[in-house]
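Trainee:
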Amino acid sequence: MSLPGAPDASREAPARPSAHQLGHPSAHPPASASVVRAWCLYDWANSAYILSVATAVLPAWFATGIVGPQGYALLGLRMSATTLWGLTVGLSALAVFLLAPVLGAAADLSGRSGTFLRVFCLAGAAAAVALGFRGPGDVLSVMLLFAAAQAAFNCANVFYDSYLLRVAGPEDADRVSGRGYAYGYVGGGLHFLLALGLMTLHERLGLTQGQAARLAIASAGVWWALFALPAFRALRDVPARATGGPADWLRQGLTEALETARSFTRGGPAATFLLAYLLYNDGIQTTIGMATIYGKEELGLPTSVLMLTLLLIQAVAFAGAIGFARLAGRIGTRRAILLSLLVWTGVAVSAYEISGAIQFAALGGVVGLVLGGSQALSRSYYARLVPGGATARHFGYFSVVTKFSAIGGPLVFAVLRQLTGSSRPAILAVACFFLAGMVLLARVREPGPGR
3 MSLPGAPDAS
13 REAPARPSAH
23 QLGHPSAHPP
33 ASASVVRAWC
43 LYDWANSAYI
53 LSVATAVLPA
63 WFATGIVGPQ
73 GYALLGLRMS
83 ATTLWGLTVG
93 LSALAVFLLA
103 PVLGAAADLS
113 GRSGTFLRVF
123 CLAGAAAAVA
133 LGFRGPGDVL
143 SVMLLFAAAQ
153 AAFNCANVFY
163 DSYLLRVAGP
173 EDADRVSGRG
183 YAYGYVGGGL
193 HFLLALGLMT
203 LHERLGLTQG
213 QAARLAIASA
223 GVWWALFALP
233 AFRALRDVPA
243 RATGGPADWL
253 RQGLTEALET
263 ARSFTRGGPA
273 ATFLLAYLLY
283 NDGIQTTIGM
293 ATIYGKEELG
303 LPTSVLMLTL
313 LLIQAVAFAG
323 AIGFARLAGR
333 IGTRRAILLS
343 LLVWTGVAVS
353 AYEISGAIQF
363 AALGGVVGLV
373 LGGSQALSRS
383 YYARLVPGGA
393 TARHFGYFSV
403 VTKFSAIGGP
413 LVFAVLRQLT
423 GSSRPAILAV
433 ACFFLAGMVL
443 LARVREPGPG
453 R
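One rule links them: number in my numbering = place in the sequence shown (from 1) + 2.
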């Protein structure tokens, strides 16, 4: 992707860059179809982990198979599985907050975004595989391994996302970003379908329920590493911008990360967008994160309906990511995101009224339609807002905002649920996050194409 002073793609000859040139921000977009496909395939790879491990299988297995109803004594207190899980998620978020911007800047200085991607991807995949070898009572090791896998997943995404403008170029970023998310929904959904089949048929396969869950978790780590190989080959390192070794890059990376943070405090389109994204992505993450418990607790739906709805969301999100990328090409990226947020607001309002499985599944289909579009377009829009194009250090902050945009919404949801005794007012309140994000996003003006 481009840095300040990089050549204007519209004035470049249409020569296709080599894989090595692709790693440099000044490479001529677009890249070859094989490189674009390799970049998109990384979304296919890591989505198996985030869906099957972090979202669906491991939380349930942690509660029933690792911790159990008796809880676990930690720091002199007996804590429930839910409390321990929350602490683990918080620990990983803190690690991302501290590491992502500095590592992103260090990758820019060293020219080794590809190496950083490989290291953190393989570390996360190894942690996921190791989780599959844990059993009842292995509470601390599971917490540490999952925190490591989550932190590695998010840090790897910093370097992966930073290649977007290098792979696609500004004018094609929406389409390629949407295609990447579409690959992710298919890959993640396919692995989850296999994992669901494994756990459903575990008795016929001669496995206990715990063995099936552990195999599903470990296989996601293998899937992640295996399908990341094309990206490892295509996304190359470039000559360093700074001298010295890793310690020097990290030290200078901290300086650049702090300077980037100061630049955001001075305002500008990228800073305004990050604030808008913080709000509306909080609404998205709350809706997704609370959907299962809302369906289970408020609507009394069976687990089978919830799992099938999750698969439906994955399937529809594939089409949604592609469709919204095309829509952005017609009406502009910002307007397409605003339209998706309007639909998200309607989802929150409609969720207040629904009462049965069919309505829940139908609403899940609508969620799938806008989920991929809002996320993919947010990534490509931000990449273009940073002058010269977002680099790894900028995506370090994007990753931080993504992680911390899942705090306010769940907190509001929990407080309203406790005060009212019902999840319906809580889900309705989530609409406020979408509306506030829309107001701020409407004030953003993007320089250049894709406005």
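The C-beta atom is built at its ideal place from N, Cα and C for all residues, glycine as well.
1) Given G331, which residues of its chain have a CB within under 8 Å of its CB, disregarding the five upstream and five downstream residues?
2) Comparing alpha-carbon positions, which option in G171, V91 and A214 lies nearest G134?
3) According to DSSP, is L303 part of a helix, a strand, or is it coil?
4) Just to confirm, are M145 and L86 a CB contact at a threshold of 8 Å?
5) From the DSSP output, read off the bridge partner residues of R80.
6) Would you call the CB atoms of G454 and A129 closer than 8 Å?
7) Can we count P389 as close to the ligand NAP, meaning its CB is less than 7 Å from some heavy atom?
8) Of all the options A149, R120, S164 and F275, which has the alpha carbon lying nearest to the alpha carbon of L228?
9) Counting along the chain, where does the alpha helix (DSSP H) carrying F64 start and finish?
10) Could you tell me which uninterrupted alpha helix (DSSP H) segments, each at least 4 residues in length, are contained entirely in the segment 250 to 333, listed from first to last along the chain?
11) What do you reckon, are the CB atoms on A259 and G398 nearer than 8 Å?
12) Since F118 is in the alpha helix (DSSP H), which residue starts that stretch and which ends it?
13) Within its chain, find whatever has a CB closer than 7 Å to the CB of Q458; leave out the 5 residues flanking it on each side and keep chain order.
14) Taking all protein chains shown into account, do 16 or more other C-beta atoms lie within 10 angstroms of the C-beta of Q152, making it buried, or fewer, making it exposed?
15) If we ignore side chains and look at the alpha-carbon of each, how far apart do R337 and I324 end up?
16) Buried or exposed, going by whether 16 or more other CB atoms sit within 10 Å of the CB of A56?
17) For G367, which residues of its own chain have a beta-carbon under 8 Å away from its beta-carbon, when the five flanking residues on both sides are left out?
18) Am I right that A394 and V160 are in contact with their C-beta atoms under 8 Å? What's the rounded C-beta distance?
19) Leaving aside the five residues before and after F118 along the sequence, list all residues of the same chain whose C-beta is less than 7 Å from its C-beta, in chain order.
20) Could you tell me whether the Cβ atoms of F362 and G285 are closer together than 8 Å?
21) Does the beta carbon of Y51 sit closer than 8 Å to a beta carbon anywhere in chain B?
22) Can you give the Cα-Cα distance for G439 and G370, rounded to whole angstroms?
Mentor: Taking the geometry as given:
1) D176 and R177
2) Residue A214 holds the alpha-carbon nearest to the alpha-carbon of G134 among G171, V91 and A214.
3) coil
4) For the 8 Å CB-CB criterion, M145 and L86 form a contact.
5) A75
6) Summary: the structure shown does not reach residue 454, with the chain confined to residues 3 through 453, and so no result is reported for it.
7) As for the ligand NAP, it is missing from this structure, which has no ligand bound.
8) Ranked by how close their Cα comes to the Cα of L228, the residues A149, R120, S164 and F275 have R120 in first place.
9) Segment: none, F64 is in no alpha helix (DSSP H) and carries neither H nor E.
10) Counting only runs of 4 or more residues that sit fully inside the segment 250 to 333, the alpha helix (DSSP H) segments are 271 to 295 and 305 to 333, in chain order.
11) yes
12) S115 to L133
13) The requested residue 458 is not part of the displayed model; the chain covers only 3 to 453.
14) buried
15) 16 Å
16) buried
17) L314, I315 and V318
18) About 6 Å; that satisfies the 8 Å criterion.
19) L105, A109 and F161
20) no
21) You won't find chain B in this structure, because it holds only one protein chain.
22) 20 Å
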